[in-house]
Amino acid sequence: MLEIEQLSVSYGRIQAVRNISLKVESGEVVTLIGSNGAGKTTTVHAITGVIPAQGSIRYEGKELCGLSAHQIVREGIVLVPEGRRVFPRLNVEENLYMGAYASKMGSAERDQEMERVFQLFPRLAERKTQLAGTMSGGEQQMLAIGRALMAKPKLLILDEPSMGLAPIVVKDIFDTIRQIKQEGLTMLLIEQNAMMALSVADRGYGLEHGEIVFSDHVENLRDQDVVKKAYLGK
0 MLEIEQLSVS
10 YGRIQAVRNI
20 SLKVESGEVV
30 TLIGSNGAGK
40 TTTVHAITGV
50 IPAQGSIRYE
60 GKELCGLSAH
70 QIVREGIVLV
80 PEGRRVFPRL
90 NVEENLYMGA
100 YASKMGSAER
110 DQEMERVFQL
120 FPRLAERKTQ
130 LAGTMSGGEQ
140 QMLAIGRALM
150 AKPKLLILDE
160 PSMGLAPIVV
170 KDIFDTIRQI
180 KQEGLTMLLI
190 EQNAMMALSV
200 ADRGYGLEHG
210 EIVFSDHVEN
220 LRDQDVVKKA
230 YLGK
C-alpha cells in the first residue's frame, strides 16, 4: 500500500532523514520507533506533504512526492499529529465535523461515522458540547484519533499517540488502536514507547539519527539484543 524508497529530508545544511526505505502493506500495523530527534516526525511530515522531500513515496502505486497535504488527505492518508492539535475553541462535535471536511460523504454518512467514533470513545459522546481546549490530554488524544477516523482513512498515521499521557490512559489509547486494527484499518504508528508499539504492531522499523537501523516482524524484534537494550530496558 505505502512504499518509501531512499527518502531524504534536509533543513538547510542539516540532513534530518537519510535515504530511508520502508513498506506498509494493506491491513498491517507498522511501527517506526526511535528516540526523540531520531527523525520520526520528519518522516511523517514528508509522507503527508507537510514538508518537501527527496526520494520516492508511493501509495497504491501513485507517487506522492510533490503533492500538497490536502491532496494527500484526499488520497486516503490521514494523520493524527504529534501533540494532538485539536481545535481548542471548538467543541467535540465541531472538531469531529472538521475531520470530515475534506471527504465527499453526505450528512447522513457523516453522522454515521460520528456515531462510530462515539462507540470507540464513549467519553467523547458524554462531552459532545465541551470545548476541546478544556479537556484532559487523554481526552484530546481520543478526539484527535476520532477526528482522523471521521475522514474514513485508508491509511491512518499516528504520531506519538502516547506522548505526555499517564500510563493508564496510554493503555486505553492502545486498546482502541487494537480494536481499530481488528477492523482491518492499515496504520503507521510512530512511537518512542517501543514496548507499547511492539505490542500492537505486525512489523517494526528502528530509526536513529535519521537512518533505519533495523527492521523485522515484531516477534523477532523483541528477541534482538539491540532492541532489548536500546528500547525495552532489558
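Going by numbering that gives the first Met the number 0, the first residue of the sequence shown is number 0, and it counts up by one from there.
A virtual CB, placed ideally from N, CA and C, is assigned to each residue, including glycine.
For clarity, every value in this text was computed on a predicted model and none was experimentally measured.
Roughly how far, in whole angstroms, is the beta-carbon of residue i from the beta-carbon of residue j, given that I think they are within contact range, below 8 Å?
i, j, result
"Ala45", "Val85", "With 8 Å as the limit, Ala45 and Val85 do not qualify as a contact, their Cβ atoms being about 23 Å apart."
"Thr47", "Ala68", "6 Å"
"Ala150", "Ser102", "6 Å"
"Arg202", "Val217", "6 Å"
"Ile189", "Leu157", "7 Å"
"Leu31", "Leu187", "7 Å"
"Ser25", "Glu4", "About 18 Å separates the two Cβ atoms, so there is no contact after all."
"Tyr100", "Glu74", "About 16 Å separates the two Cβ atoms, so there is no contact after all."
At what residues does the alpha helix (DSSP H) containing residue i begin and finish?
i, result
"Ile50", "Counting along the chain, Ile50 falls outside any alpha helix (DSSP H), and DSSP gives it neither H nor E."
"Glu81", "Glu81 -> no alpha helix (DSSP H), and no H or E assigned at all."
"Gln129", "Where Gln129 is concerned, there is no enclosing alpha helix (DSSP H), given that its DSSP letter is neither H nor E."
"Glu138", "136-148"
May I ask you to report which of helix, strand or coil DSSP gives residue i?
i, result
"Gln118", "helix"
"Ala15", "strand"
"Arg202", "strand"
"Asn94", "helix"
"Glu24", "coil"
"Asp222", "coil"
"Leu6", "strand"
"Arg73", "helix"
"Arg88", "coil"
"Glu108", "helix"
"Met0", "coil"
"Met195", "helix"
"Met162", "coil"
Among residues of its own chain, excluding the 5 on either side of residue i, which ones have a beta-carbon nearer than 6 Å to its beta-carbon?
i, result
"Lys180", "Val28"
"Ile176", "Val199"
"Leu148", "Val116"
"Met113", "Leu95"
"Leu66", "Gly48"
"Lys22", "Glu2"
"Ile76", "Leu154"
Return the first residue and the last residue of the beta strand (DSSP E) that residue i is part of.
i, result
"Gln191", "Unbroken run through Gln191: none, as it is neither H nor E."
"Thr175", "Not the beta strand (DSSP E): Thr175 falls in the alpha helix (DSSP H), residues 166-181."
"His216", "210-216"
"Leu66", "Looking at the DSSP string, Leu66 is not in any beta strand (DSSP E), and its letter there is neither H nor E."
"Leu154", "154-158"
Between which residues of its own chain and residue i is the CB-CB distance below 7 Å, once the five residues before and five after are set aside?
i, result
"Ser7", "Gln14, Val16, Arg17, Asn18, Ala52, Gln53, Gly54"
"Met195", "Ser161, Val169, Phe173"
"Arg122", "Glu138, Met141"
Can you find the residues in the same chain that come closer than 8 Å, C-beta to C-beta, to residue i, ignoring five residues on each side of it along the sequence?
i, result
"Glu207", "Gly33, Ser34, Ala37"
"Ile172", "Gly137, Gln140, Met141, Ile144, Pro160, Ser161, Leu164"
Between residue i and chain E, is there a C-beta pair that is closer than 9 Å?
i, result
"Pro152", "Here chain E cannot be found, since the structure has a single protein chain."
task = Indicate whether the contact test is met: 3 or more Cβ pairs, each with one atom in the region 122-134 and one in the region 91-99, closer than 8 Å.
result = With a cut-off of 8 Å, the region 91-99 and the region 122-134 count as touching, because enough Cβ pairs lie within range.
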